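Undergrad: So the sequence shown is residues 0 to 378, counted in numbering that gives the first Met the number 0.
Got a structure for you, questions after.
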Amino acid sequence: MTEPRDLLRRTAEIAADYLESLEERPVFPRTSPDELREALGGPLPEEPLDPAEVVGELAEAAEPGVVAIGSGRYFGFVIGGALPAALAADWLTSAWDQNAGLYVGGPSASVVEQVTRDWLLDLLGLPGESSIGFVTGTQMAHVTGLAAARFHVLDGVGWDVNREGLTGAPPIRVLVGEKRHVTIDRALRFLGLGAPTTVAADEQGRMKPEALREALREGPTIVCAQAGEVNTGAFDPLPQIADACEEFGGWLHVDGAFGIWAAVSPRLRHLVAGLERADSWTTDAHKWLNVPYDSGIVLCAHPESHRIAMTVSASYLIQDEGARRVRDQVDWVPEFSRRARGFPIYAALRSLGRSGLVDLVERCCGAASRFAEAIAELE
Ligand SMILES: *Cc1c(COP(=O)(O)O)cnc(C)c1O
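Structure below.
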């Protein structure tokens with residue numbers, strides 16, 4: 000049997016060879032599902048195999064079906080590659096194999112999340128007391144943020160959804176832009192909130208604030224706005240939306256899967272003016288921050304509601320100051336056992352630094368503008 004050190008060295012070589020091939024290889028693989036089944040399939044071996052053999056064969060069989068997402072020539076969707084520091088920290092995360100649900104499952108995994116929270120709130124200009132949860136992607140970040148919203152708006156009318164459920168509860172009105180991302184609808188379905196009421200959007204997909212105003216009523220309300228429409232890049236007008244939510248007492252949830260990162264750039268920050276007035280925010284680290292999959296983040300301006308919506312502990316209250324310093328991640332996300340996702344995010348932020356992150360965002364937008372201009376010239 001190959002020793003672990005040798006196995007990891009050999010695997011690192013395979014991974015490095017792959018990364019070096021990114022500039023040359025076709026972006027989308029030239030293979031078929033049948034070819035891949037042929038290469039990867041066959042019966043499960045009866046006997047154990049040497050790990051180096053397993054990994055070597057896997058790499059050979061799977062690589063022809065790998066999309067070069069990390070290549071500079073990949074322009075699909077709004078998805079990112081992997082910064083070297085984030086990739087390496089992700090390997091360490093696997094080697095350490097912490098159970099990041101509880102402080103006792105990995106104290107450093109817990110603390111690194113708190114540190115990353117402080118950095119993110121500072122970078123994004125969000126209220127300093129906001130809470131954080133590290134999840135698989137914006138999809139589950141929506142589930143978490145909207146669960147906090149559901150608890151909070153019902154609590155506001157004296158209904159404890161944790162105890163009483165939704166049967167017989169005062170109805171919650173959920174208002175979403177016509178061009179919201181599909182993950183919002185699925186999160187609402189998971190939470191038993193049904194199909195939302197849609198608010199008209201303009202030709203760029205921006206929610207129309209006057210239409211929102213007309214749809215708003217008193218009573219438990221959640222409004223889902225968007226910072227970055229996935230097809231156009233447009234931002235909902237957050238100042239007017241926040242005004243309307245404040246007036247009617249609605250919870251404002253912002254889907255910032257990729258667009259929230261505009262907040263770090265002095266040149267682009269105007270797009271997310273009013274962002275800090277929302278009640279919950281979601282984003283991905285695996286998109287613009289270039290952290291390996293899977294990595295989503297939820298932030299919430301109401302830590303109590305966030306925790307009550309997610310906690311597994313019998314007591315709803317954040318205990319004393321001593322207990323507060325020990326953060327069990329399980330209290331802030333839907334998962335129980337999970338991967339220590341804080342490490343690669345921490346590494347990504349440190350390796351970029353503030354200026355590197357600003358540069359990343361501005362350079363990417365600059366390149367997108369050049370694309371747009373070149374396409375316009377073709378017409
Ligand atoms: C990608 C995206 C999502 C979903 O994020 P996942 O990480 O895939 O769960 C939601 N909203 C917007 C605007 C997105 O771009």
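Every residue, glycine too, gets a C-beta built ideally from N, C-alpha and C.
If you're wondering where the values come from, they're calculated on a predicted model, not measured in any experiment.
#1: Between 42, 38, 224 and 73, which lies nearest to residue 56 when the distance is taken from Cα to Cα?
#2: Less than 8 Å between the CB atoms is what I'm expecting for residue 312 and residue 84, so what's the real figure, rounded?
#3: Between residue 360 and the rest of its own chain, which residues show a CB-CB distance below 8 Å, the 5 nearest in sequence each way excluded?
#4: Would you say the segment 179-195 touches the segment 98-118, given that touching needs at least three Cβ pairs under 8 Å?
#5: For a minimum of 4 consecutive residues, which ranges assigned as the alpha helix (DSSP H) are wholly contained in the segment 213-267?
#6: Determine, using beta carbons only, whether residue 67 and residue 4 come nearer to each other than 8 Å.
#7: In chain order, what residues of the same chain lie with their CB nearer than 6 Å to the CB of residue 172, ignoring the 5 residues before and after it?
#8: Could you tell me the distance, in whole angstroms, from the CA atom of residue 211 to the CA atom of residue 218?
#9: Any idea which residues DSSP pairs residue 282 with across the strands?
#10: Taking 7 Å as the cut-off, is the C-beta of residue 180 nearer than that to any heavy atom in ligand 1?
#11: In chain order, what residues of the same chain lie with their CB nearer than 7 Å to the CB of residue 240, ignoring the 5 residues before and after it?
#12: Taking Cβ to Cβ, would you say residue 111 is nearer than 8 Å to residue 345?
#13: Residue 81 and residue 71 look like a contact to me (Cβ under 8 Å); what is the Cβ gap, rounded to whole Å?
#14: Which residue from 103, 34, 378 and 169 puts its Cα closest to that of residue 64?
#15: Considering only their Cβ atoms, is the gap separating residue 137 from residue 16 smaller than 8 Å?
#16: Is it true that the segment 94-112 meets the segment 324-339, where meeting means three or more beta-carbon pairs spaced less than 8 Å apart?
#17: Residue 18 to residue 40, Cα distance in whole Å?
#18: Measuring CA to CA, which of 10, 347 and 101 is closest to residue 89?
#19: Relative to the C-alpha of residue 303, which candidate in 124, 7, 94 and 154 has its C-alpha closest?
#20: In terms of residues, what are the limits of the beta strand (DSSP E) holding residue 368?
#21: For residue 13, report the span of its beta strand (DSSP E) as first-last.
#22: Taking 7 Å as the cut-off, is the beta-carbon of residue 137 closer than that to any non-hydrogen atom of ligand 1?
#23: Give the straight-line distance between the Cα atoms of residue 131 and residue 51, rounded to the nearest whole angstrom.
#24: In terms of residues, what are the limits of the beta strand (DSSP E) holding residue 30?
#25: Just to confirm the assignment, what range does the beta strand (DSSP E) spanning residue 132 have?
#26: Would DSSP call residue 172 helix, strand or coil?
#27: Is it the case that the CB of residue 254 approaches a heavy atom of ligand 1 more closely than 7 Å?
#28: Within the same chain, show all residues whose beta-carbon is closer than 8 Å to that of residue 291, passing over the 5 residues directly before and after it, in chain order.
#29: Got a sec, what are the start and stop residues for the alpha helix (DSSP H) residue 92 sits in?
#30: For residue 189 versus residue 142, is the C-beta spacing smaller than 8 Å?
#31: With a threshold of 7 Å, establish whether the CB of residue 114 neighbours any heavy atom of ligand 1.
#32: Please return the same chain residues whose Cβ sits closer than 8 Å to the Cβ of residue 196, not counting the five positions on each side in sequence.
#33: Could you spell out where the beta strand (DSSP E) holding residue 198 opens and where it closes?
#34: So residue 306 is in the alpha helix (DSSP H); what residue range does that whole segment cover?
#35: For ligand 1, any of its heavy atoms closer than 7 Å to the Cβ of residue 283?
TA: Taking the structure as given:
#1: Taking the sequence shown and counting its residues from 1, one reaches residue 56 at position 57. Nearest option by C-alpha distance: 38.
#2: In the sequence shown, residue 312 corresponds to position 313, counting from 1. In the sequence shown, residue 84 corresponds to position 85, counting from 1. Between residue 84 and residue 312 the Cβ distance is about 34 Å, and since that is not below 8 Å, they are no contact.
#3: Stepping through the sequence shown from its first residue, residue 360 is reached at position 361. Excluding residues within five positions, the ones whose Cβ falls inside 8 Å are 260, 261, 263, 264, 267 and 287.
#4: no
#5: 237-247
#6: By one-based count along the sequence shown, residue 67 stands at place 68. By one-based count along the sequence shown, residue 4 stands at place 5. Their beta carbons are not under 8 Å apart, which means residue 67 does not touch residue 4 by this criterion.
#7: Reading the sequence shown from its first residue, position 173 is the one you call residue 172. Closer than 6 Å at the Cβ level, and outside the excluded window around residue 172, lie 220.
#8: The residue given as residue 211 occupies position 212 in the sequence shown. The residue given as residue 218 occupies position 219 in the sequence shown. So the two alpha carbons sit approximately 15 Å from each other.
#9: Counting from 1 along the sequence shown, the entry for residue 282 is found at position 283. DSSP output for residue 282 lists 296 as bridge partner(s).
#10: Counting from one through the sequence shown, the residue named residue 180 turns up at place 181. Flag set: Cβ of residue 180 near ligand 1.
#11: Taking the sequence shown and counting its residues from 1, the one referred to as residue 240 is at position 241. Excluding residues within five positions, the ones whose Cβ falls inside 7 Å are 206, 208, 211, 222, 224 and 251.
#12: Start at 1 with the first residue of the sequence shown, and residue 111 comes out as number 112. Start at 1 with the first residue of the sequence shown, and residue 345 comes out as number 346. For residue 111 and residue 345, yes; Cβs fall inside 8 Å.
#13: Counting from one through the sequence shown, the residue named residue 81 turns up at place 82. Counting from one through the sequence shown, the residue named residue 71 turns up at place 72. Incorrect: roughly 13 Å between the Cβ atoms, too far for contact.
#14: In the sequence shown, residue 64 corresponds to position 65, counting from 1. Per the Cα distances, 34.
#15: Within the sequence shown, the letter at position 17 stands for residue 16. Within the sequence shown, the letter at position 138 stands for residue 137. In this structure, residue 137 does not lie closer than 8 Å to residue 16 by Cβ.
#16: yes
#17: Numbered from its first residue, the sequence shown carries residue 18 at position 19. Numbered from its first residue, the sequence shown carries residue 40 at position 41. Approximately 25 Å, taken between the alpha carbons.
#18: By 1-based counting over the sequence shown, the position of residue 89 is 90. The residue with the shortest Cα to Cα distance from residue 89 is 347.
#19: What you label residue 303 is simply residue 304 of the sequence shown in a count that begins at 1. With distances taken between Cα atoms, residue 303 lies closest to 154.
#20: Here residue 368 refers to the residue found at position 369 when the sequence shown is read from its first residue. It is not in any beta strand (DSSP E) - residue 368 instead sits in the alpha helix (DSSP H) that spans 341-377.
#21: What you label residue 13 is simply residue 14 of the sequence shown in a count that begins at 1. Taken as a continuous stretch (DSSP letters only), residue 13 belongs to no beta strand (DSSP E), being part of the alpha helix (DSSP H) at 3-20.
#22: Stepping through the sequence shown from its first residue, residue 137 is reached at position 138. Result yes, Cβ under 7 Å from ligand 1.
#23: Reading the sequence shown from its first residue, position 132 is the one you call residue 131. Reading the sequence shown from its first residue, position 52 is the one you call residue 51. Cα to Cα, residue 131 sits roughly 39 Å from residue 51.
#24: Locating residue 30 in the sequence shown gives position 31, counting from the first residue. That residue, residue 30, is in no beta strand (DSSP E); it is neither H nor E in DSSP.
#25: Reading the sequence shown from its first residue, position 133 is the one you call residue 132. First-last of the beta strand (DSSP E) with residue 132: 130-134.
#26: Here residue 172 refers to the residue found at position 173 of the sequence shown. Annotated three-state conformation of residue 172 is strand, per DSSP.
#27: Residue mapping note: residue 254 aligns to position 255 of the sequence shown, counting from 1. True, at least one ligand heavy atom lies under 7 Å from that Cβ.
#28: Position 292 of the sequence shown, counted from the start, is the residue given in the question as residue 291. For residue 291, where only same-chain residues beyond five positions count, the Cβ hits under 8 Å are 81, 85, 86, 89, 285 and 343.
#29: Your numbering for residue 92 matches position 93 in the sequence shown. DSSP places residue 92 inside the alpha helix (DSSP H), whose first and last residues are 83-95.
#30: Position 190 of the sequence shown, counted from the start, is the residue given in the question as residue 189. Position 143 of the sequence shown, counted from the start, is the residue given in the question as residue 142. Yes; because the gap between Cβ atoms is below 8 Å, this pair is in contact.
#31: Position 115 of the sequence shown, counting from 1, holds the residue named residue 114. Residue 114: no, Cβ never under 7 Å from ligand 1.
#32: In the sequence shown, counting from the first residue as 1, residue 196 sits at position 197. So the list reads 172, 173, 174, 175 and 214, once near-sequence residues are dropped.
#33: Indexing the sequence shown from 1 puts residue 198 at position 199. 196-198 is the extent of the beta strand (DSSP E) around residue 198.
#34: Position 307 of the sequence shown, counted from the start, is the residue given in the question as residue 306. From DSSP, the alpha helix (DSSP H) with residue 306 extends over 302-309.
#35: Translated into positions along the sequence shown, residue 283 becomes position 284. Yes, Cβ of residue 283 sits closer than 7 Å to a heavy atom of ligand 1.
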